[in-house]
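J.: My questions all concern the structure below.
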Amino acid sequence: HERLGEVLSILKGVLNKYTPLHSTDILAAAGTLISKVKSHNYDESSDAPDEFCESIDQLALAFSSSVSDFLMGDQDMPILMRTRTSRTTKSSGGTRARNAKLVVDKSKQKADELDRSLIGLEHGVDLTLQRCKIWSKYAKDIATYLERRAHLELEFTNKLSKLAQTTRAAITEERFLPFQSIFVTALDQDIEYSEKCAKTYSSLLSTKFLEPLQARRNRHEHTRKDLKDNWTKAYKKLNEAITKLEKAKQTYIQRNQELDKSKQLLDAKDGQEPSASYTRTTKKKQDDARKAEEAEEFYNQCVSEATVRQHELEKTKSHVLLELRQLVYQCDMTMKAVTCNYFQMMNDLAAPAPVRFQILAESSRAYEPGTQFSDFVQEQMAISQPTIERVTQDRLTTHHTRHASLHSPGDESGRTSPFSTRRHRSLQIGQHSGSSTLPVKAWSNKEHLSDVESNGSKSAPASPTGSPVTGRRNKAEQSTGLNMESSDEERPNKSGKSNRAGSGPFRDCRMSSGALTHQFKKLRAPSRCRDCDSYVYFNGAECEQCGLTCHKRCLARLTNKCSYKNRTRRMTTFGVDFYHHLLATDKQGECVPYIVSSCIKEINNRGLHVKGIYRVSGVKSRVEKLCQAFENGAELVDLSTVPPHVIAAVLKLYLRQLPEPLLTFKLYPEFIKLAK
């Protein structure tokens, strides 16, 4: 379990660093390895069974396939896209600089027009201040929503994690339960989701959303209040100046009226002799003239002050509107940044869920009812000792005194113990290796009945042999022709089904009795199906012993049994060397295969303007049909009606299946030498 944890932690780190390597095959292989390690009974045997090696091989194969697809361009490659973008930017630096300058000029022009429009409005400052206040309330509502939702999600995920851990511990106490591994995987995914959700919402509550938004809102409120105070003070000063001007105007008018009255009284007394009344009137006229001059001077001062206040108010208005407009832009930029962070993190959190649920659904549909119960019964039959077999073993033990203590009358536990049974049978088989019994792998799930056991008791199940070494020795003898195959061994058992389970990545598939004799692995190169005699490009199976290939769907009706003889494939195009391909198609004089030239020509004619011509995959059925058409006769293939994506997929498949890449291995030293 510690080694499994190390493998999974390394795999998780690599997949987190290189997200394009994610694939359903890797997840399925990892889930299979986890279920194998956790479901193995370590009390019965301390050695790891071959199932572990097969699961590790499948995981390694899935990972290498994902890496190959990534390097061949079948998956999205943001790193390469960024590199390509940087190169494009460097190559067109002058044009982009001019375009950027035009964009900046247009944005600046738009901002100036907006400022002029706001200045032209009579209540532009008040409207802008009111709008800024509304944004502050809006940002507060958004922050409150996110904070409350984060706390609810964290509370939910905490409870979900505890529930998943409790349920997982409860359902793993027993074995051979239907959909047990699927539900264990689902619970592990829930625990992982809870941890990732807690990390995501913690980031949103800190640096990714809440803190930047609140900091921007606080600065926004502080700036808005300062600008409002400045505007209020300037407006108040102008109002005071206008009020003062009006009072000075009234005083000026009043003084001029009093001066006119004094002049009229003095003009009426011009013909009279000087007297005290005349003297007072003259003095009053002089006082009124002085007061009128003072009132006029004060009025002029008030007019000048009001004009200055008006200009200051206009300057303050322009400054306040400019600052408010920039403040709105800054707030929008902050809101845009935190909003992008929020939805991107939500997408990263929720994106794996549909794929995982789809995998679990497909795994559930592949389950056959009663399989786990059948495995449970087989295990019970394997660990229990039948009566007839025990009697036979008791008779055999009389000839082996070193093992008499295991079957003495006083040691009943030794007679009925599964461990002692396995050990005794291992020794028995080792001592009777010269018999005609078939070798049985001790580490396999199900075993075939030997000739002796079949003749002795039809109902007696076969118990596993004790030593893998014996199985390997017998297997070697079988491969060299030392063993004898009887007709009874090739026939299925009474129920019509083989006792041997499928191996490799197709162990969960439905297989015929002939298919069960093979050791299948995932097909990595195109070939021809031995059952339906059609081409296999995807989801193919290949026997490790005899090289037989067939579709995954054809395993249920395959009749060919494993003959341990390698058979050559009959492919002439895919998976074939350039030279051999040209020889097979009678094109020795040409340097480029017809499939390459025709596909590239058609892509140049119709696919150059198609979005993602080499990135988007074609329809699988059409790709297989076109590949089969090229195998049947390349010159007869009409590509004018084939979608460009399908043509590009076939071309990529052909180049990917080449035994040797275009930049051949022989030239590697030359390339390295040239680089140095």
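Going by the UniProt record's numbering, 647 is the number at position 647 of the sequence shown; the sequence numbering is gapless. Glycine is no exception: its CB is placed at the ideal position from the N, C-alpha and C atoms.
Between K552 and the rest of its own chain, which residues show a CB-CB distance below 8 Å, the 5 nearest in sequence each way excluded?
T.: One-based indexing of the sequence shown puts residue 552 at position 552. Only F506, C509, N539, G540 and A541 meet the Cβ criterion.
J.: Let me make sure I understand the geometry here. Which of D190, I600 and L674 has the alpha-carbon closest to that of L651?
T.: In the sequence shown, residue 651 corresponds to position 651, counting from 1. With distances taken between Cα atoms, L651 lies closest to I600.
J.: Please look up how many angstroms separate the CB atoms of R325 and A111, rounded, as I've assumed it's under 8 Å.
T.: By one-based count along the sequence shown, residue 325 stands at place 325. By one-based count along the sequence shown, residue 111 stands at place 111. Indeed, because the Cβ distance is near 7 Å, the residues count as touching under 8 Å.
J.: Can you round the beta-carbon distance between T128 and A234 to whole angstroms, since I take them to be within the 8 Å contact cut?
T.: Counting from one through the sequence shown, the residue named residue 128 turns up at place 128. Counting from one through the sequence shown, the residue named residue 234 turns up at place 234. The Cβ separation is near 15 Å, so there is no contact.
J.: Which of helix, strand or coil does DSSP assign to K522?
T.: On the sequence shown, position 522 is the one that residue 522 refers to. If DSSP states are grouped into helix, strand and coil, K522 belongs with the strands.
J.: What is the rounded straight-line gap between the Cα of E379 and the Cα of K36?
T.: On the sequence shown, residue 379 is found 379 positions in, with the first residue counted as 1. On the sequence shown, residue 36 is found 36 positions in, with the first residue counted as 1. C-alpha separation (whole angstroms): 16 Å.
J.: Grouping DSSP H, G and I as helix and E and B as strand, with all else coil, what is T549?
T.: In the sequence shown, the residue the question calls residue 549 occupies position 549. In the structure shown, T549 sits in a strand (DSSP, three-state: E or B).
J.: If we ignore side chains and look at the alpha-carbon of each, how far apart do T549 and S527 end up?
T.: Looking up residue 549 in the sequence shown gives position 549. Looking up residue 527 in the sequence shown gives position 527. If I take the Cα positions, the gap works out to 7 Å.
J.: Taking the C-alpha atoms as reference points, what is the distance between T185 and L15?
T.: Walking along the sequence shown from the start, residue 185 turns up at place 185. Walking along the sequence shown from the start, residue 15 turns up at place 15. Going from the Cα of T185 to the Cα of L15 covers about 18 Å.
J.: Relative to the alpha-carbon of V646, which residue among G607, T279 and S161 has its alpha-carbon at the smallest distance?
T.: Along the sequence shown, read from residue 1 onward, the residue named residue 646 stands at position 646. Taking only the C-alpha atoms, the option nearest V646 is G607.
J.: Could you pull the DSSP bridge partners for S203 from this structure?
T.: Indexing the sequence shown from 1 puts residue 203 at position 203. Answer is none; S203 lacks a bridge partner.
J.: Does DSSP put C529 in a helix, a strand or coil?
T.: Counting from one through the sequence shown, the residue named residue 529 turns up at place 529. Coil, per DSSP.
J.: Using DSSP with H/G/I as helix, E/B as strand and the rest coil, what is A541?
T.: To locate residue 541, count along the sequence shown from 1; it is residue 541. Note: A541 maps to strand in three-state DSSP.
J.: Which term fits S194, buried or exposed, when burial requires 16 or more other beta carbons within 10 angstroms of its beta carbon?
T.: Position 194 of the sequence shown, counted from the start, is the residue given in the question as residue 194. Burial call: buried.
J.: Alpha helix (DSSP H) containing F373: first to last residue?
T.: Translated into positions along the sequence shown, residue 373 becomes position 373. Unbroken alpha helix (DSSP H) run through F373: T371 to I383.
J.: Can you round the beta-carbon distance between I26 and F63 to whole angstroms, since I take them to be within the 8 Å contact cut?
T.: Numbered from 1 along the sequence shown, position 26 holds the residue referred to as residue 26. Numbered from 1 along the sequence shown, position 63 holds the residue referred to as residue 63. So it is a contact: roughly 6 Å between Cβ atoms.
J.: Indicate the three-state DSSP secondary structure (helix, strand or coil) for T392 in the structure shown.
T.: The sequence position of residue 392 within the sequence shown is 392, counting from 1. Confidence in T392 is poor, its pLDDT being 46 and thus under 50, which makes the residue's placement unreliable; the coordinate value appears in the next sentence. Reduced to three states, the DSSP call for T392 is helix.
J.: Is the beta carbon of A29 sitting closer than 8 Å to the one on L4?
T.: In the sequence shown, counting from the first residue as 1, residue 29 sits at position 29. In the sequence shown, counting from the first residue as 1, residue 4 sits at position 4. Contact: no.
J.: List the residues that DSSP assigns as beta-bridge partners of V184.
T.: Indexing the sequence shown from 1 puts residue 184 at position 184. Paired residue(s): none; V184 is not in a bridge.
J.: Are the stretch 164-177 and the stretch 206-223 touching by the rule of at least three beta carbon pairs closer than 8 Å?
T.: no
J.: Is V536 helix, strand or coil when you go by DSSP?
T.: The residue you call residue 536 lines up with position 536 of the sequence shown. In this structure, V536 counts as strand in the three-state DSSP scheme.
J.: Quick one: what's got a C-beta closer than 8 Å to T212's C-beta in the same chain, skipping five residues either side?
T.: Here residue 212 corresponds to residue number 212 of the sequence shown, with the count starting at 1. Note that residue 212 is Pro in the sequence shown, not Thr. Closer than 8 Å at the Cβ level, and outside the excluded window around P212, lie T334, A337 and V338.
J.: For P659, count neighbouring Cβ atoms within 10 angstroms of its own Cβ and tell me buried if that reaches 16, exposed if not.
T.: As a first step, residue 659 is located in the sequence shown; it is residue number 659 there, counting from the start. So P659 ends up on the exposed side.
J.: Have a look at H22 and K666 and give me their C-alpha separation to the nearest angstrom.
T.: Indexing the sequence shown from 1 puts residue 22 at position 22. Indexing the sequence shown from 1 puts residue 666 at position 666. Whole-angstrom Cα-Cα distance: 32 Å.
J.: Can we say the stretch 306-314 touches the stretch 230-246, given the rule of at least three CB pairs closer than 8 Å?
T.: Three or more Cβ pairs closer than 8 Å define a contact, and the stretch 306-314 meets that threshold against the stretch 230-246.
J.: Consider the C-beta atom of A28 and the heavy atoms of the ligand SAM; say whether any pair is separated by less than 7 Å.
T.: With respect to the ligand SAM, the structure offers nothing, as it holds no ligand at all.
J.: Under a three-way DSSP split, which group does S640 fall into?
T.: Here residue 640 is taken as the residue at index 640 of the sequence shown, counted from 1. In the structure shown, S640 sits in coil (DSSP, three-state: anything other than H, G, I, E or B).
J.: Alpha carbon to alpha carbon, how far is S513 from D638?
T.: Position 513 of the sequence shown holds residue 513. Position 638 of the sequence shown holds residue 638. Roughly 41 Å separates the two Cα atoms.
J.: Please return the same chain residues whose Cβ sits closer than 7 Å to the Cβ of L204, not counting the five positions on each side in sequence.
T.: As a working mapping, residue 204 is identified with position 204 in the sequence shown. Contacts found: L146, A150, L210, Y342 and M345.
J.: Under 8 Å between the Cβ atoms of L327 and R224?
T.: The residue given as residue 327 occupies position 327 in the sequence shown. The residue given as residue 224 occupies position 224 in the sequence shown. Taking 8 Å as the Cβ cut-off, L327 and R224 qualify as a contacting pair.
J.: For K284 and S262, I'd like the C-alpha separation in whole angstroms.
T.: Taking the sequence shown and counting its residues from 1, one reaches residue 284 at position 284. Taking the sequence shown and counting its residues from 1, one reaches residue 262 at position 262. If you take the alpha carbons of K284 and S262, they lie about 7 Å apart.
J.: For K291, which residues of its own chain have a beta-carbon under 6 Å away from its beta-carbon, when the five flanking residues on both sides are left out?
T.: Counted from its first residue, the sequence shown places residue 291 at position 291. Shown here for K291: same chain residues with a beta carbon closer than 6 Å to its own, the five before and five after excluded, namely R255 in chain order.
J.: Cβ of L160 within 8 Å of Cβ of Y201?
T.: One-based indexing of the sequence shown puts residue 160 at position 160. One-based indexing of the sequence shown puts residue 201 at position 201. No, the Cβ-Cβ distance between L160 and Y201 is not below 8 Å.
J.: Apply the 10 Å Cβ neighbour rule to V34 and answer buried if 16 or more other Cβ atoms are within range, or exposed otherwise.
T.: Position 34 of the sequence shown, counting from 1, holds the residue named residue 34. According to the sequence provided, residue 34 is Ile. The question's Val does not apply to it. Buried: at least 16 other Cβ atoms inside 10 Å.
J.: With H, G and I counted as helix, E and B as strand and the rest as coil, what does DSSP make of residue 740?
T.: Residue 740 lies beyond the stretch modelled for the chain, which goes from 1 to 676, so this question has no answer here.
J.: Assign P669 to buried or exposed, taking buried as 16 or more other Cβ atoms, counted over all protein chains shown, within 10 Å of its Cβ.
T.: Taking the first residue of the sequence shown as position 1, residue 669 is located at position 669. With fewer than 16 Cβ atoms within 10 Å of its Cβ, P669 is classed as exposed.
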